[in-house]
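Each remark here refers to the structure printed beneath this line.
Protein chains in written order, with this note's numbering: chain A, 153 to 516; chain B, 153 to 516; chain C, 153 to 516.
Laid out in C-alpha cells, this is it:
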C-alpha cells in the first residue's frame, strides 16, 4: 500500500485520480449535466488506465509477455463487458452491437497501428513473435467468419436469413466460446514455449510485488467499470452537443475510451521495444471481445434482456470488421514493424472513422 | 492377389468389404428402402476408402509424396465426377453445384483441418513443404476468383449478369482447365524439385508392388463410384427421415462421403508425420474439383444435360468458398502446424455446417 | 544528343518513332479516321515506351532499382493523369473511373504477371526484395479499402451512401495523398536501406549519362501524353468497329496502352533478372494511381469539371480491384517467383478481361 502511495506521489498523471470521486459526486448531485459528466469521466479513466498499465506490466514481468498480455486483455475487457451488460439490460441492442464491432476494429487497427507508430518513432525496426501474433490473428479471423456468415446469409437470402439468425447465433456463440477456451489451452498449456517473447526491452521501472499488482489490477478494473458507466450514460447526449453521429459515438468514442486502459499498456510496451506485449494486447483484446464478450452477451441476453440478442450486425460494420482482420493478418505476417506500418494501419482506421463520422443518424 | 487377400485377412476394417455386394443385392431387391441403402452404402464406402488409401500410399512410396498426392486426388475425385455426371444427366443442377461447392469447402477445411488436428495429437509441431502448399492454395484462389466473378457481376448488375453468365461460364471453364494443365506441367515437370517433401515419417507398412497397387487403385475406385451412386440416390430420402435440409445434404454429407477415400489417405499421412501428403491431398483435391471437375461438367453439360449448366452459384456458397480458400491461404503460409491450427480450420467448417443445417429447405 | 541518335540507329524498334509525327499530321488532316488514328497511335506509343524504358534504366542504374522504379512509375503515370484530366474536363466521369480502376488492375495483375512469366522463361527461380514488395502491396491494400468503403456503404445503405459519398470522397482523397507522401518519405528517406535490391542482374546495355537520361524521360513522357490523347479520342469509335464493349475498352485497352511505357521497363527488368525493378514498377504504378492520380482527380474536379467527381465505383470494378490487390498481397508474400506464378496472376486478369468483354454496353 505504501508502495502504491509512493507511486502516486511520484507520477503526476496519477494525480488525476482525484477525478474518480469527483465523477461519482457530480453524478449524484447533477445527473443531468451530461457534457460535464462526459469530460469528468474521461479525465478519471485516464489515470486509472495508467495504473492498470503499471500493474499489468508488473504481473507480466513475472509471467512472460504473452501471458501478461492475455491477462491484460481479459481484465481490460471487463470494462467493455460491463458497459455492454448495462446496455443489454436496457434493451439497447444497437449500442451493444456498435460497441462490440467498434471495440474489435479499434483494438485491431487503432491500438495495433498506434503501437507500431509509437515504437517506430523510437526504434528503426522492431521485431516481435510472429507465431503468437498469428495465433491471435487466426482467432480473430475465425470470429470474423462467425460474425460474417449470419449477415452474408441474410443478404444472400433475406427470408432464410431472418428465419435462422436467432438459432444460429446461439450455436455460433457456443462454438466461439469453445474456440476461445481451446486457444487458452494451447497458448498457456500445450504450446506455451511458442509464445515466449522475441526479444526483451531494457526493463523499465521496478515491478510491484505480485500481490499488490494483482490487488491493484482487480480494484482499478472495478473503478474503471464504474466510471465507464457514467461515461456511457453521458456520452450520447454529450456527442449530440459536439455534433457527432450515434454510429461514430458507438463505434469510435466508446471503443477508444473503453480501451484506454489496454492502450496505455500497449503503447508503453511499444516504446520500451516490447512489441510482443503490444501486439498481444491489441490482437488478444480484439479476439477476446469477438470470441468471448460477444458470445457471452448473446447467451446472457436470454436471461436479462427484454428479448434475445443475435449476432447479425449492420452490413457496414461487418465489412469493417472483415477488412480490419484482413489488415491485421497481412501486417503481422512478417513479425517486423516500422513507423510506416503503423501509419498504414492507422490510415485504414481513419478511413472507417471518417466514414462513420459522416453517416446520417438514421443508419447503423 | 495373394498379397491383397492377406492384407484383407489381417485388417479387420477391410472385413466391411462384405457390404459392397450387399449394397448391390439390396438395391436390386429393395430399391425403395432408402434409409437402409444409405447406411449400407456408407458402410461399404469405408473399407473401399481404406484400401484406396493403402494402394495410393504404395504408389506414393515409389513416386514421392507430392506426385502421390496428385495421383490420389485425381483418382479420389473420380467419385465426385461420377456422382455429378449422374445428377447432370438427370438435370439436377442444384445438386451438382451444391456437391461441387461442398467438395471444395469440405476438402479445404474439413480434410485439411482434421489432418492438422490428428497429426497434432501425435506430434508437437509438424512441418510441411510450404512451396507445394502455396501452389495448391494459389490454384484454389484462382478457381475461387473464377467462381466468384459470375456471381459478383450478377449481384452488382442482375440484367447484365443474366445475359452473359452462360457464355462466360464456357470461357471460364476452358481457362480453368488450361490453368490446371499448366499447374501439372509445373509440378510434375519443370519445377518438380520444389515439391519434394520437407521431411519423411518413419515409413509405415510395407508398400505393395507397383502393379498390384495400380490395379487396386483402378478397381477400387470403380467400386467406390458404383456404391456412391446408390448412396446419392438414397441420401436425399434418408436425409429427410433424419430431418436434414437439402443444402446440408448436398454440401456436407455428399462431400464427406464422396471424399472418404481421400480423407483416409490424408489422415493416415498426418498420423505418420507426412503432412506433405495430407496437405497435398486436401488442397490438391479441392483445386482439382474447382479447376477440373467443375469446368468439365460445364462443358459436358452441352452434350448430356437437358440444358447447359453455368458456373453461377448460390451467393452463400460463393461466400463459403471464398472464406474457405482465404483460410487455406492464411493457414498454409507458415509451413508449420499444431493441433490448434487444426481446431481453427475445423471451426470455420463447423460454422458453415451449422449455418447450412439450419437453412430452410427453400434456399440454395 | 549524338548518343541518342546512335541508339535510335542501332535499335530497329525505335524506327517506329516515325509514327509519332504521322499521328499528329493524320489527326490534323483526317480527324474522323478513328480506326486509322487508333492503329497509328498504338504504333507511335510503342517506340516511345521503349525509349522511356531505356532512359529510366539509366537513371535507375545511378539511383538503385527501388528509386528508379518509383521514378518510372511517377513519370509513366503522367500518361494516365493527362488522359484522365482530358476526360474529366469533358465531364466523362465513367471513362475516368473505368480507366483508373483498369489501370490499377492492369498494373497489379497484367504487368506483374507478365513480368513473372517472362522472367520465369529465362530463369528457373527468381528472387526479389519482399520488403519493398510488401510496402507497395500494403499501400495498394490501403487504397483498395479507401475505394471499397464508399461503395460498400452505398450498397449496405443506399440512402445514407448517396448522402455522404461526395463529402467522404474529398476526405478520403486528402487521406490517400497524405499516405502516399508518407510512403515516399519512408522509402526514400527514413528506411531507404530496406529497399536495396535483393540481387543484381548482369548489367545490360551501357547506361546513358544522367543529364541525357533525365531530358529523354521528360521529353518522351510529354510525347507519350500527346499521342495518348489522340489514342483516347479514337479508341471508343475504333472499339465499336472491332465490336468491343465500352467497359472492356476503358478497363483493358486504355489501361494496356496507357501503361505500355512502364510495361516495357518492367518486362525488360524481368528478363535481366532484376525482378525488383519489375515488381517496383508494377505495384508502385498501381499504388500511385490509386493513392495519387485518383485523389488528385477528385480534388481537381472541383475546379475543372462541370460537377465534382466522387470515389464511388461500379461494384464490379470494386470487386476486381479488391481481388487484384489480394492476389498481389498473397503472391508477393514469398519474395520468390517462377513462370507458373506469372500464369496464375495472368489467369486472374484473363478472367476479368473475359467478363468485361462480354458485359452488355449498358453496364459499368
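Glycine is no exception: its CB is placed at the ideal position from the N, C-alpha and C atoms.
Inset, instruction - Report yes or no: is there a C-beta of chain C within less than 7 Å of the C-beta of residue 465 (chain A)? - result: Chain C, which has no Cβ nearer than 7 Å to the Cβ of residue 465 (chain A), makes this no.
Inset, instruction - Give the residues of chain B in contact with residue 260 (chain C), contact being defined as C-beta atoms less than 9 Å apart. - result: Going along chain B, no residue has its Cβ under 9 Å from residue 260 (chain C), so there is no contact; the nearest lies around 13 Å.
Legend entry - Rounded separation between residue 496 (chain B) and residue 454 (chain C) - CA only: When rounded, the distance between both Cα atoms is 49 Å.
Legend entry - N- and C-terminal bounds of the alpha helix (DSSP H) containing residue 542 (chain B): Since the first and last residues shown for chain B are 153 and 516, residue 542 (chain B) lies out of range.
Inset, instruction - Run the CB neighbour count on residue 395 (chain C), radius 10 Å, all protein chains shown included, and call it buried at 16 or more, exposed below. - result: Around the beta carbon of residue 395 (chain C), a 10 Å sphere encloses fewer than 16 other beta carbons of the protein chains shown; the residue is thus reported as exposed.
Legend entry - chain A contact residues for residue 519 (chain C), given Cβ-Cβ distances below 7 Å: Here chain C comprises residues numbered 153 to 516, so residue 519 (chain C) is not present and cannot be evaluated.
Inset, instruction - Measure how close the beta-carbons of residue 189 (chain C) and residue 386 (chain C) come, nearest whole angstrom, since I'm counting them as under 8 Å. - result: Rounded to whole angstroms, the Cβ separation of residue 189 (chain C) and residue 386 (chain C) is 4 Å, and the two are in contact under 8 Å.
Inset, instruction - Note down, in chain order, every chain B residue with its Cβ under 7 Å from the Cβ of residue 441 (chain A). - result: Those do not exist, as residue 441 (chain A) stays about 17 Å from chain B at its closest Cβ, beyond 7 Å.
Inset, instruction - Kindly give me the distance between the Cβ atoms of residue 391 (chain C) and residue 401 (chain C), rounded to whole angstroms, as I take these residues to be in contact under 8 Å. - result: Right, the Cβ-Cβ distance comes to about 4 Å (below 8 Å), so this counts as a contact.
Legend entry - Beta-carbon spacing of residue 460 (chain A), residue 329 (chain A) below 7 Å: No; because the gap between Cβ atoms is not below 7 Å, this pair is not in contact.
Legend entry - 7 Å Cβ cutoff met for residue 232 (chain C) and residue 410 (chain C): Result yes, Cβ atoms of residue 232 (chain C) and residue 410 (chain C) sit closer than 7 Å.
Legend entry - Best match in C:502, C:501, C:503 and C:490 for proximity to residue 275 (chain C) [C-alpha to C-alpha]: Considering only alpha carbons, the answer is C:490.
Inset, instruction - From the DSSP output, in three-state form, read off residue 426 (chain B) for me. - result: Three-state DSSP puts residue 426 (chain B) in coil, outside helix and strand.
Legend entry - Closer than 8 Å at the beta carbon, the chain B residues around residue 290 (chain A): For residue 290 (chain A), the C-beta contacts it makes with chain B under 8 Å involve 482, 483, 493 and 496, in order along the chain.
Legend entry - Sequence-distant residues of its chain with Cβ nearer than 8 Å to residue 510 (chain B) (five each side left out): Counting only residues of its own chain and dropping the five nearest sequence neighbours on each side, residue 510 (chain B) has a CB closer than 8 Å to the CB of 397.
Inset, instruction - Leaving out five residues on either side along the sequence, give the residues of the same chain with a beta carbon under 7 Å from the beta carbon of residue 493 (chain C). - result: The beta carbon of residue 493 (chain C) sits closer than 7 Å to the beta carbons of 268 and 483 from its chain, once the five residues preceding and following it are set aside; these are given in chain order.
Inset, instruction - Label residue 361 (chain C) either buried or exposed according to how many other C-beta atoms from any shown protein chain fall within 10 Å of its C-beta, with 16 as the threshold for buried. - result: That one is exposed.
Inset, instruction - Answer yes or no: does any C-beta atom of chain C fall closer than 7 Å to that of residue 295 (chain B)? - result: Any Cβ of chain C closer than 7 Å to the Cβ of residue 295 (chain B) would place that residue at the interface, and such an atom is absent.
Legend entry - residue 506 (chain A) at chain C interface by Cβ criterion, 7 Å: With 7 Å as the cut-off, residue 506 (chain A) counts as an interface residue toward chain C.
Inset, instruction - Provide the residue span of the alpha helix (DSSP H) that contains residue 368 (chain C), from first to last. - result: It spans 362–394 - the alpha helix (DSSP H) in which residue 368 (chain C) sits, taken as one unbroken run.
Inset, instruction - Spell out whether any CB of chain A is found under 7 Å from the CB atom of residue 326 (chain B). - result: Put simply, the CB of residue 326 (chain B) is far from chain A, with every gap to its CB atoms at 7 Å or more.
Legend entry - Short CB-CB distance (under 7 Å) between residue 510 (chain A) and chain C: Contact with chain C is found for residue 510 (chain A), since one of that chain's Cβ atoms lies less than 7 Å from the residue's Cβ.
Inset, instruction - Determine the contact status of residue 292 (chain A) and residue 463 (chain A), defining contact as a CB-CB distance below 7 Å. - result: Taking a C-beta distance under 7 Å as the contact criterion, residue 292 (chain A) and residue 463 (chain A) do not qualify as a contact pair.
Inset, instruction - Starting from the beta carbon of residue 423 (chain A), find every residue of chain B whose beta carbon is closer than 8 Å, and list them in chain order. - result: Close partners of residue 423 (chain A) in chain B (Cβ separation under 8 Å) are lacking, with about 29 Å as the shortest Cβ gap.
Inset, instruction - Count the C-beta pairs between the region 501–508 of chain A and the region 270–288 of chain A that are closer than 8 Å, then say yes if the count reaches three, no if not. - result: No, because fewer than three Cβ pairs between the region 501–508 of chain A and the region 270–288 of chain A fall closer than 8 Å, the two stretches do not touch.
Legend entry - 8 Å Cβ cut-off: residues of chain B touching residue 502 (chain C): Around residue 502 (chain C), the beta-carbon contacts reaching into chain B at under 8 Å are 327.
Legend entry - is_contact[residue 271 (chain A), chain C] using C-beta, thresh 7 Å: Chain C, which has no Cβ nearer than 7 Å to the Cβ of residue 271 (chain A), makes this no.
Inset, instruction - With a 10 Å radius around its C-beta and 16 neighbouring C-beta atoms as the bar for buried, classify residue 162 (chain A) as buried or exposed. - result: With fewer than 16 Cβ atoms within 10 Å of its Cβ, residue 162 (chain A) is classed as exposed.
Inset, instruction - Please list the partners that residue 264 (chain C) has in chain A, where partner means a Cβ-to-Cβ separation under 7 Å. - result: Here the premise fails: no neighbours, minimum Cβ distance about 17 Å.
Legend entry - Where residue 279 (chain A) falls: helix, strand or coil (DSSP): Correct three-state label for residue 279 (chain A): strand.
Inset, instruction - Identify, in the order they occur along the chain, each residue of the same chain with its Cβ nearer than 6 Å to the Cβ of residue 477 (chain C), setting aside the five sequence neighbours on each side. - result: Excluding residues within five positions, the ones whose Cβ falls inside 6 Å are 292, 293 and 296.
Legend entry - Burial state of residue 351 (chain B), where buried means 16 or more other Cβ atoms lie within 10 Å: Summary for residue 351 (chain B): the model assigns pLDDT 41, below 50, so the residue's position carries little reliability; its value from the coordinates is reported in the next sentence. Exposed: under 16 other Cβ atoms inside 10 Å.
Legend entry - Element boundaries [alpha helix (DSSP H), containing residue 522 (chain A)]: Outside the shown range of chain A (153 to 516) lies residue 522 (chain A), about which nothing can therefore be said.
Legend entry - For residue 486 (chain B), three-class secondary structure by DSSP: Of the three classes helix, strand and coil, the one that applies to residue 486 (chain B) here is coil, per DSSP.
Inset, instruction - Using beta-carbon positions only, say whether residue 321 (chain B) and residue 174 (chain B) come within less than 7 Å of one another. - result: No, they are not a contact pair.
Inset, instruction - Please classify residue 436 (chain B): does DSSP put it in a helix, a strand, or coil? - result: When secondary structure is reduced to three states using DSSP, residue 436 (chain B) falls in the helix class.
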